[in-house]
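Okay, structure first, notes after.
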Amino acid sequence: MVGPTVEFSHGGVCCGDLEHSIRFYCDALGFSVTRRLDIGSSFEVLTELPGYRGKVAFLHLGGRMLELVVAEFPEVTGPSERRPMNERGITHLCFNVSDLREVCRRIEAAGGRAHLQTLTETAVSDIVFCTDPDGTRIELVQVK
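Just so you know, our numbering puts 537 at position 52 of the sequence shown, and the rest follows in order with no gaps.
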């Protein structure tokens, strides 16, 4: 394809408690924090939220970046339950793991939930959904 290049940069997750979410993603999934920012009025246009201010943490894992965002004004809204898979928009984050049960245990210990009723075993992998403390779905895949 000729033209401008496009490269995936990161995904962003809005959370209710930034410090809790940082601990969750670092302790349960092995991310590390590489940068933190306070964001303010210069992001009003971008966020389309007048008076916007908040905090951001950039986390890295194996060359991939995740941005955790907490809005301080206006406050974070929306339910903290996992969304149905048939709602428009991003449905989940996915991670390949070497030990599905151990990562589920770490997710529970870090304040998330492992939804073991979703465990699906196929010929090539075992898959389960978990959720972070804010209800964001996390898919774990253990390749056989």
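Just so you know, even glycine gets a beta-carbon here, dropped at the ideal spot from N, CA and C.
Do residue i and residue j have their C-beta atoms within less than 9 Å of each other?
i, j, result
"residue 552", "residue 498", "yes"
"residue 581", "residue 626", "yes"
"residue 620", "residue 509", "no"
"residue 549", "residue 577", "no"
"residue 506", "residue 556", "no"
"residue 614", "residue 567", "yes"
"residue 502", "residue 591", "no"
"residue 559", "residue 534", "yes"
"residue 536", "residue 526", "yes"
Return helix, strand or coil for residue i, following the three-state DSSP convention.
i, result
"residue 613", "strand"
"residue 566", "coil"
"residue 500", "coil"
"residue 600", "strand"
Just grab the DSSP bridge partners of residue i for me.
i, result
"residue 606", "611"
"residue 521", "542"
Could you give the residue range of the beta strand (DSSP E) that holds residue i?
i, result
"residue 575", "Premise fails: residue 575 is in no beta strand (DSSP E) and is neither H nor E."
"residue 554", "549-558"
"residue 625", "622-628"
By the DSSP assignment, the alpha helix (DSSP H) with residue i in it spans what residues?
i, result
"residue 593", "585-594"
"residue 531", "529-532"
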